[in-house]
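K.L.:
For the protein sequence lines, the chains are S and D, in the order given.
FYI, my numbering numbers position 183 of the first sequence as 183, with every residue one higher than the one before it.
FYI, my numbering numbers position 9 of the second sequence as 224, with every residue one higher than the one before it.
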Amino acid sequence: MNIFRLAGDMTHLMSVLVLLLKIHTIKSCAGISLKTQELYALVFATRYLDIFTDFISVYNTIMKLIFLGSSFSIVWYMRRHKLVRRSYDKEQDTFRHFFLVLPCLLLALVMNEKFTFKEVMWAFSLYLEAVAILPQLVLLQRTKNIDNLTGQYVFLLGAYRAFYIFNWIYRYFTEPHYVHWITWISGLVQTLLYADFFYYYFNSWKNNVKLHLPA
Amino acid sequence: EECFHVKDEL
Numbered sequence: 001m002n003i004f005r006l007a008g009d010m011t012h013l014m015s016v017l018v019l020l021l022k023i024h025t026i027k028s029c030a031g032i033s034l035k036t037q038e039l040y041a042l043v044f045a046t047r048y049l050d051i052f053t054d055f056i057s058v059y060n061t062i063m064k065l066i067f068l069g070s071s072f073s074i075v076w077y078m079r080r081h082k083l084v085r086r087s088y089d090k091e092q093d094t095f096r097h098f099f100l101v102l103p104c105l106l107l108a109l110v111m112n113e114k115f116t117f118k119e120v121m122w123a124f125s126l127y128l129e130a131v132a133i134l135p136q137l138v139l140l141q142r143t144k145n146i147d148n149l150t151g152q153y154v155f156l157l158g159a160y161r162a163f164y165i166f167n168w169i170y171r172y173f174t175e176p177h178y179v180h181w182i183t184w185i186s187g188l189v190q191t192l193l194y195a196d197f198f199y200y201y202f203n204s205w206k207n208n209v210k211l212h213l214p215a
Numbered sequence: 216e217e218c219f220h221v222k223d224e225l
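#1: Report all residues from its chain with a CB closer than 7 Å to the CB of S/Q152; omit the five preceding and five following residues, and keep chain order.
#2: Please list, in chain order, the residues of the segment 48-66 of chain S that have any C-beta partner in chain D closer than 9 Å.
#3: What's the gap between the Cα of S/F202 and the Cα of S/M121?
#4: Tell me the residue span of the alpha helix (DSSP H) that contains S/Q141.
#5: What did DSSP end up calling D/E216 once you bin it into helix, strand or coil?
#6: Express the C-alpha separation of S/M78 and S/Y217 in angstroms, rounding to a whole number.
#7: Please return the same chain residues whose Cβ sits closer than 6 Å to the Cβ of S/V131, not counting the five positions on each side in sequence.
#8: Is it buried or exposed, S/V58, if we count other Cβ atoms within 10 angstroms and call 16 or more buried?
#9: Between the beta-carbon of S/L188 and the beta-carbon of S/L140, is there less than 7 Å?
#10: At least one CB of chain D closer than 7 Å to the CB of S/D89: is that the case?
#11: Does S/D9 come within less than 7 Å of chain D when only Cβ atoms are used?
#12: Could you say if the segment 102-116 of chain S and the segment 75-91 of chain S meet the contact criterion of at least three C-beta pairs nearer than 8 Å?
#13: Alpha carbons only, please: which of S/L34, S/E129, S/G8 and S/R5 is nearest the one belonging to S/T150?
#14: Could you say if the segment 192-201 of chain S and the segment 35-45 of chain S meet the contact criterion of at least three C-beta pairs nearer than 8 Å?
#15: How many Å lie between S/D54 and S/E129 at the Cα?
#16: For S/N208, which of helix, strand or coil comes out of DSSP?
Structure representation (structure tokens):
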């Protein structure tokens, strides 16, 4: 474990807590894409298949349980909770995420570390995580006023993978054999997708104006 | 053979 990875995990945890806080306290999911939340639940479900078979550390297991539990409960809130579901703008959140899942699955069947079920699922979860934010970014472009919690949620979600890139660089130089192209390329693509969001988020923070993405 | 990739990251 290095400081970059710990910072990344904590940032990721904070993004999930910010979202749960928003949904649980003000019972609203306005501006949040259910499609992205469903994709994240699928990412964690396919990435943590080995949660009960391969024990890495208490920290690792606890964090996996938190990410699994939070992502599925957020999907449940947005689909089932009578108050929360009312604030979900179904008309705007129309990204057909099936067109993200299928290419990632096909790519995982071709590009993986080993052609086994677990390895293909693991590669799939990495490719899917890289593009899972797209429905959310599209929704942000459509909804005019982005509330602070939603902006912070997306920012933290992007920042966590940026920290991970530093973690991979650090591990590459400190650990022999640490070469994992699938993880690195997926993580880089994922972070680049946030680039324009970061740009507008930073400007809105610098000029102290409401975050507003150009249509 | 490269040491098998233990998935120790989240």
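We treat Cβ as the ideally placed atom computed from N, Cα and C, and that holds for glycine.
Computed from a predicted model, the values in this text were never measured in an experiment.
P.N.:
The structure says:
#1: If you ignore the 5 residues before and after S/Q152, its C-beta comes within less than 7 Å of the C-beta of V18, all in its own chain and listed in chain order.
#2: Taking 9 Å as the Cβ-Cβ cut-off against chain D, the residues of the segment 48-66 of chain S that qualify are Y48, D50, D54, I56, S57, N60, M63 and K64.
#3: Going by the C-alpha atoms only, they are around 35 Å apart.
#4: According to the DSSP assignment, S/Q141 belongs to the alpha helix (DSSP H) that extends over L134 to R142.
#5: Unreliable placement is indicated for D/E216, whose pLDDT of 41 sits below 50; the coordinate value is still reported in the next sentence. In this structure, D/E216 counts as coil in the three-state DSSP scheme.
#6: Beyond the ends of chain S as shown, which are 1 and 215, falls residue 217 of chain S; an answer cannot be given.
#7: Answer for S/V131: L100, listed in chain order.
#8: S/V58 should be labelled exposed.
#9: Cβ distance not < 7 Å, so S/L188 and S/L140 don't count as in contact.
#10: No, S/D89 does not count as interfacial toward chain D.
#11: Yes, its Cβ sits closer than 7 Å to a Cβ of chain D.
#12: Taking a contact to require three or more Cβ pairs closer than 8 Å, the segment 102-116 of chain S and the segment 75-91 of chain S do not qualify as touching.
#13: Among S/L34, S/E129, S/G8 and S/R5, the Cα nearest to that of S/T150 belongs to S/L34.
#14: By the Cβ criterion, the segment 192-201 of chain S is not in contact with the segment 35-45 of chain S, since fewer than three pairs of Cβ atoms, one from each stretch, lie closer than 8 Å.
#15: Taken atom to atom, the span from the alpha-carbon of S/D54 to that of S/E129 is near 22 Å.
#16: Reduced to three states, the DSSP call for S/N208 is coil.
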